[in-house]
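Trainee: Residue numbers for the sequence shown follow my numbering, so the first one is 553 and each next one is one higher. Cβ atoms here follow ideal geometry from the backbone N, Cα and C, with glycine treated the same way. Please read these numbers as outputs of a predicted model, since none were measured by experiment.
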Amino acid sequence: MQVIYFIRLANYLRSLGPLVLWLVVEAPLKTEETAELLRVHAGACLPAGDPNCRRINYVHLETRRVETAKWNKAVLQRNTALDFIEERRIQGVVYFMDDDNAYLPQLFLEFQSIQNAGVFPVGFLYPDEYSRRNRHIHHTPTVERPLVKRTESGGLQVYGWETFEWFISKAKRKFNVDMGGFAFRSELLWENRTDLLGYPRHPLRFEASWQGQLEATFLSRLVPDASHLEPLANGCTQVLVWHLHVEANRQHKYPIGWRVPQPTDLERADEFDTWRFIVGRLRHRIKGLGPKDIPFTYRP
């Protein structure tokens, strides 16, 4: 499933043009599988030989360490990317993308107006099965967003959050922001700003924290309070990014690289797979076992 998400994200970034630098960080070491995906779907022209093709500027990194904390997923990976940006003084906007998120191109146009750090709504899509297992989902908003008011000077200011109250640790956060709901200028990694009252607190990195507090602790080092965050997406009224709670069944077997070779003997393969399918169904009915993952080839 992650390969599909990866290819979709690469195709999306390809459409944005050459101004995007994609940092892909693996833990603990780089793998040849990911390197091949990057070469094919980011660095090569698709279709081959197209004079107008758009390649993605990317860097393949590795953490060289293994994360041990249960709730601190990808902390080392994000910090490795931040180290890379700060050491090379790469100027631009930093945004942490999830491969299982969906984005509108307008989101990256919004980034052009960021002076320090911007926030915006994130939509959440839950599968029916997930909602049935978690009844509180029916009573929560499908959008997590900053609440914005107009100041006396006519500007917009963040003053609160609409979030998931059932998530106690999340509701008590200082900044109720999803990882895909904020972006900031890379210069803040090595500079302090007078308009941020001496913030950020350096080094600006993610810290080990409790579940749901990862983004909040990072933003606490980035800005003094929510009023210093810049509301994007038309005053935080438009959803330009969605978090998709969709995962493939891990018990299924998927073809490597999603390449499916043809059987050398179709007639024999059909006969053999048909009998395996019948035996599997009998086993399920007689012994009460769950259905087996048996490849079945059908030819009309």
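Helix, strand or coil for residue 735, going by three-state DSSP, please let me know.
Mentor: What you label residue 735 is simply residue 183 of the sequence shown in a count that begins at 1. Three-state DSSP puts residue 735 in a strand.
Trainee: Return the bridge partner residues of residue 742 from the DSSP annotation.
Mentor: Looking up residue 742 in the sequence shown gives position 190. Its beta-bridge partners do not exist; DSSP assigns none.
Trainee: With a CB to CB cut of under 8 Å and the five nearest residues on each side skipped, what residues in its chain are close to residue 576?
Mentor: Taking the sequence shown and counting its residues from 1, one reaches residue 576 at position 24. Answer for residue 576: 586, 590, 610, 611, 612, 613, listed in chain order.
Trainee: Roughly how many angstroms separate the alpha carbons of residue 797 and residue 676, rounded to a whole number?
Mentor: Position 245 of the sequence shown holds residue 797. Position 124 of the sequence shown holds residue 676. Their backbone Cα atoms lie some 8 Å apart in a straight line.
Trainee: Which runs of the alpha helix (DSSP H), 4 residues or longer, sit entirely within the region 569 to 610?
Mentor: Within the region 569 to 610, the complete alpha helix (DSSP H) runs of at least 4 residues are 584 to 590.
Trainee: Helix, strand or coil for residue 626? Go by DSSP, reduced to three states.
Mentor: Looking up residue 626 in the sequence shown gives position 74. Correct three-state label for residue 626: coil.
Trainee: Compare the C-alpha of residue 672 against each of 735, 711, 595, 756 and name the closest.
Mentor: Along the sequence shown, one-based indexing puts residue 672 at 120. Closest by alpha carbon: 735.
Trainee: Among 784, 668, 644, whose alpha-carbon lies nearest the alpha-carbon of residue 745?
Mentor: Walking along the sequence shown from the start, residue 745 turns up at place 193. Ranking 784, 668, 644 by Cα distance to residue 745 puts 668 first.
Trainee: Buried or exposed: residue 601, going by 16 or more other Cβ atoms within 10 Å of its Cβ?
Mentor: Counting from one through the sequence shown, the residue named residue 601 turns up at place 49. So residue 601 ends up on the exposed side.
Trainee: Hey, is the region 775 to 793 in contact with the region 699 to 717, meaning 3+ C-beta pairs nearer than 8 Å?
Mentor: They touch, by the three-pair rule.
Trainee: Who pairs with residue 773 in a beta bridge, going by DSSP?
Mentor: For the purposes of this step, residue 773 is taken as the residue at position 221 of the sequence shown. Answer is none; residue 773 lacks a bridge partner.
Trainee: Determine the extent of the alpha helix (DSSP H) in which residue 868 is found, giving its start and end residues.
Mentor: Outside the shown range of the chain, which is 553 to 852, sits residue 868, and nothing can be said about it.
Trainee: In whole angstroms, what is the alpha-carbon distance linking residue 740 and residue 607?
Mentor: For this step, residue 740 is matched to residue 188 along the sequence shown. For this step, residue 607 is matched to residue 55 along the sequence shown. When rounded, the distance between both Cα atoms is 28 Å.
Trainee: What residues match up with residue 613 in a beta bridge as DSSP calls it?
Mentor: Here residue 613 corresponds to residue number 61 of the sequence shown, with the count starting at 1. Bridge partners of residue 613: 577.
Trainee: For the alpha helix (DSSP H) containing residue 660, list its first residue and its last residue.
Mentor: Working through the sequence shown from its first residue, we reach residue 660 at position 108. 658 to 662 is the extent of the alpha helix (DSSP H) around residue 660.
Trainee: Can you tell which of 733, 640, 569 has the C-alpha that lies nearest to the C-alpha of residue 654?
Mentor: Position 102 of the sequence shown holds residue 654. Comparing Cα-Cα distances from residue 654 to each of 733, 640, 569, the minimum goes to 733.
Trainee: Leaving out five residues on either side along the sequence, give the residues of the same chain with a beta carbon under 6 Å from the beta carbon of residue 573.
Mentor: To locate residue 573, count along the sequence shown from 1; it is residue 21. These residues qualify, in order along the chain: 609.
Trainee: What's the gap between the Cα of residue 754 and the Cα of residue 773?
Mentor: Counting from one through the sequence shown, the residue named residue 754 turns up at place 202. Counting from one through the sequence shown, the residue named residue 773 turns up at place 221. If I take the Cα positions, the gap works out to 8 Å.
Trainee: How far does the beta strand (DSSP E) with residue 653 in it reach, from first residue to last?
Mentor: As a first step, residue 653 must be located in the sequence shown, where it is residue number 101. It spans 653 to 655 - the beta strand (DSSP E) in which residue 653 sits, taken as one unbroken run.
Trainee: Keeping to the same chain, check which residues put their C-beta closer than 7 Å to that of residue 582; ignore five residues upstream and five downstream.
Mentor: On the sequence shown, position 30 is the one that residue 582 refers to. Here the set comprises 612, 614.
Trainee: Residues in its own chain within less than 7 Å of residue 643 by CB, not counting five upstream and five downstream?
Mentor: Along the sequence shown, one-based indexing puts residue 643 at 91. The residues are 738, 739.
Trainee: What is the DSSP secondary structure of residue 636, reduced to helix, strand or coil?
Mentor: Against the sequence shown, residue 636 aligns to sequence position 84. Residue 636 falls in the helix class under three-state DSSP.
Trainee: Would you kindly work out how many angstroms separate the C-alpha atoms of residue 725 and residue 593, rounded to a whole number?
Mentor: Stepping through the sequence shown from its first residue, residue 725 is reached at position 173. Stepping through the sequence shown from its first residue, residue 593 is reached at position 41. Residue 725 and residue 593: Cα-Cα distance of roughly 38 Å.
Trainee: I'd like the span of the beta strand (DSSP E) that includes residue 760, first residue to last.
Mentor: Start at 1 with the first residue of the sequence shown, and residue 760 comes out as number 208. Where residue 760 is concerned, there is no enclosing beta strand (DSSP E), given that its DSSP letter is neither H nor E.
Trainee: On a Cα-Cα basis, can you pick out the residue from 768, 729, 751 that is closest to residue 783?
Mentor: Indexing the sequence shown from 1 puts residue 783 at position 231. Of the listed residues, the one whose Cα sits closest to residue 783 is 729.
Trainee: Output needed for residue 619: all residues of its chain with C-beta closer than 8 Å, excluding positions within five of it in sequence on either side, in chain order.
Mentor: In the sequence shown, the residue the question calls residue 619 occupies position 67. 579, 625, 626, 627, 628.
Trainee: Beta carbon of residue 727, beta carbon of residue 767: below 9 Å?
Mentor: Numbered from its first residue, the sequence shown carries residue 727 at position 175. Numbered from its first residue, the sequence shown carries residue 767 at position 215. In this structure, residue 767 lies closer than 9 Å to residue 727 by Cβ.
Trainee: Within the same chain, show all residues whose beta-carbon is closer than 8 Å to that of residue 659, passing over the 5 residues directly before and after it, in chain order.
Mentor: Sequence index remark: in the sequence shown, residue 659 carries index 107 (1-based). Counting only Cβ-Cβ distances below 8 Å, and skipping sequence neighbours, we find 672, 785, 792, 793.
Trainee: Going straight from the alpha carbon of residue 756 to that of residue 731, what length do you get?
Mentor: Here residue 756 corresponds to residue number 204 of the sequence shown, with the count starting at 1. Here residue 731 corresponds to residue number 179 of the sequence shown, with the count starting at 1. Cα-Cα distance, rounded: 15 Å.
Trainee: If you follow the alpha helix (DSSP H) that residue 787 is in, where does it begin and where does it stop?
Mentor: For the purposes of this step, residue 787 is identified with residue 235 of the sequence shown, where counting begins at 1. Start and end: 785 to 788.
Trainee: Span of the beta strand (DSSP E) holding residue 698?
Mentor: Taking the first residue of the sequence shown as position 1, residue 698 is located at position 146. 695 to 702 is the extent of the beta strand (DSSP E) around residue 698.
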